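Number of protein chains: 2
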Amino acid sequence: MATMTIGQVSTLTGLSQSAIRYYESEGLIATPARRGGKRTFGPEVVDSVRVIRVARELGFSLEDIRTLLNGFSIDIAPPERWQHLAHRKLPEVNDLIQRATAMKRLLEKGLRCDCVTMQDCILYDCNPPVKLTPRQRTAPATGGA
Amino acid sequence: MATMTIGQVSTLTGLSQSAIRYYESEGLIATPARRGGKRTFGPEVVDSVRVIRVARELGFSLEDIRTLLNGFSIDIAPPERWQHLAHRKLPEVNDLIQRATAMKRLLEKGLRCDCVTMQDCILYDCNPPVKLTPRQRTAPATGGA
DNA sequence: GTAGCACTTCAAGTGAACTCGAGGTCAAGG
DNA sequence: CCTTGACCTCGAGTTCACTTGAAGTGCTAC
Numbered sequence: 000m001a002t003m004t005i006g007q008v009s010t011l012t013g014l015s016q017s018a019i020r021y022y023e024s025e026g027l028i029a030t031p032a033r034r035g036g037k038r039t040f041g042p043e044v045v046d047s048v049r050v051i052r053v054a055r056e057l058g059f060s061l062e063d064i065r066t067l068l069n070g071f072s073i074d075i076a077p078p079e080r081w082q083h084l085a086h087r088k089l090p091e092v093n094d095l096i097q098r099a100t101a102m103k104r105l106l107e108k109g110l111r112c113d114c115v116t117m118q119d120c121i122l123y124d125c126n127p128p129v130k131l132t133p134r135q136r137t138a139p140a141t142g143g144a
Numbered sequence: 000m001a002t003m004t005i006g007q008v009s010t011l012t013g014l015s016q017s018a019i020r021y022y023e024s025e026g027l028i029a030t031p032a033r034r035g036g037k038r039t040f041g042p043e044v045v046d047s048v049r050v051i052r053v054a055r056e057l058g059f060s061l062e063d064i065r066t067l068l069n070g071f072s073i074d075i076a077p078p079e080r081w082q083h084l085a086h087r088k089l090p091e092v093n094d095l096i097q098r099a100t101a102m103k104r105l106l107e108k109g110l111r112c113d114c115v116t117m118q119d120c121i122l123y124d125c126n127p128p129v130k131l132t133p134r135q136r137t138a139p140a141t142g143g144a
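Keeping their order, the protein sequence lines are chains A and B.
The first sequence begins at 0 in numbering that gives the first Met the number 0 and counts up by one.
The second sequence begins at 0 in numbering that gives the first Met the number 0 and counts up by one.
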């Protein structure tokens with residue numbers, strides 16, 4: 000029947016045992032059965048925990064994730080189910096992708112130019128052909144001191 | 000000469016005045032000149048603050064951002080300049096884009112299926128043709144009480 | 001039967017990133 | 001001169017997401 004201890008879940012997911020207990024206490028994962036007081040997890044919890052991890056890394060709060068994971072009772076009309084939430088979350092994720100892509104381009108541009116700081120790369124049109132030496136236009140912002 | 004008060008910067012960037020002061024105290028933006036004790040910002044600070052904001056939303060810590068923004072002295076050899084950091088950050092951003100794109104697909108899939116929770120969408124192959132009613136496969140995880 | 005280990009609970013602590021409040025300053029307007 | 005409003009500093013408080021620590025439990029091995 001392949002149940003797991005919290006230690007095994009921790010190893011499989013890369014999260015600490017205390018983090019997993021915390022997620023349980025916060026209602027992000029279902030309260031597992033206990034055997035002799037100890038949690039016995041089914042294999043599906045590994046997926047749940049991984050989902051939580053990815054969503055966290057994407058900037059979702061645990062509050063958000065709880066709602067996304069728990070969905071709604073099936074007694075509630077379809078438009079209120081998690082699709083509804085997905086619909087609300089999608090623009091956020093799209094936004095994030097947009098911003099991340101912009102940052103990616105900026106970083107890639109940074110690899111090809113002579114700018115000393117990120118601001119320079121943003122504020123000056125430092126495309127490859129220009130080839131200014133950094134000295135020609137540094138330290139305009141800081142002023143004295 | 001178009002200098003700005005902190006209130007104007009706050010309005011233009013959408014960040015609170017206290018957050019802007021905090022960024023200054025943390026060395027993320029240059030210490031602005033004071034006129035009668037009050038900060039007078041040049042227009043470039045708006046870009047800086049916006050960059051900080053985007054980077055924060057992408058999950059960079061202030062520590063990371065400080066380094067990205069401040070770059071290094073031009074006395075330091077080219078490989079140590081911000082390009083170096085860009086090079087280290089790029090995989091992180093690419094990773095983020097990958098994960099965000101996966102999440103986007105999941106959310107989009109969620110809009111087209113009958114799953115009640117996000118887990119269901121991940122754990123079951125709930126592609127449109129399958130058309131299970133949710134009842135056929137809910138509550139497998141929780142077990143008793 | 002006792003040592004060891006992985007687990008348990010619960011409360012308190014931590015670090016990051018701000019936010020808030022108190023008390024004070026500065027320039028303009030009535 | 002006095003008020004008003006936007007700003008100032010500094011220290012303490014808050015929120016989130018955990019982590020840590022203390023004290024205890026249950027099973028296995030010797």
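The C-beta atom is built at its ideal place from N, Cα and C for all residues, glycine as well.
The structure displayed is predicted, hence computed values, not measured ones.
- Interface flag for T100(A) against chain B is set, since a Cβ pair is found closer than 8 Å.
- With its beta carbon at least 8 Å from every one in chain A, D124(B) lies outside the interface.
- With a cutoff of 8 Å on beta-carbon distance, Q82(A) and G109(B) are scored as near each other.
- G13(B) has a beta carbon lying at 8 Å or more from every beta carbon in chain A.
- In this structure, the straight-line span from the alpha carbon of T4(A) to that of I19(A) is close to 11 Å.
- Following the DSSP letters along the chain, one finds A18(B) inside the alpha helix (DSSP H) bounded by residues 16-24.
- When the beta-carbon positions are compared, G35(A) and T2(A) stay at least 8 Å from each other.
- Using a CB distance cut-off of 8 Å, V53(A) counts as an interface residue toward chain B.
- The beta-carbon separation of V48(B) and T12(B), rounded to 4 Å, stays under the 8 Å limit for a contact.
- For the region 107-118 of chain B, the beta-carbon criterion of a distance under 9 Å to any beta-carbon of chain A is satisfied by E107, K108, G109, L110, R111, C112, D113, C114, V115, T116, M117, Q118.
- Comparing alpha carbon positions, the residue from G6(A), L84(A), Y123(A) closest to T39(A) is G6(A).
- DSSP, reduced to helix, strand and coil, places A1(B) outside both helices and strands of the structure shown, so it counts as coil.
- The CB of K37(A) never comes closer than 8 Å to any CB in chain B; the least such distance is about 14 Å.
- In chain order, V8, L11, T12 place their CB closer than 7 Å to the CB of V45(A), counting only its own chain and leaving out the 5 sequence neighbours on each side.
- Taking C-beta atoms under 8 Å as the contact rule, K88(B) and L106(A) qualify, at a distance of about 6 Å.
- Excluding five sequence positions before and after I121(A), the CB atoms of its chain that fall closer than 8 Å to its own CB belong to L105, given in chain order.
- Straight-line measurement puts the Cα of I28(A) at about 24 Å from the Cα of R111(B).
- Taking 8 Å as the threshold, the shortest C-beta distance from S60(A) to chain B does not fall below it.
- Take Q16(A), set aside five residues on each side of it, and the residues of its chain with a beta-carbon closer than 6 Å to its own are I5, S9, in chain order.
- Bridge partners of R38(A) according to DSSP: R33(A).
- A54(A) counts as buried, since at least 16 other C-beta atoms from the protein chains shown sit within 10 angstroms of its C-beta.
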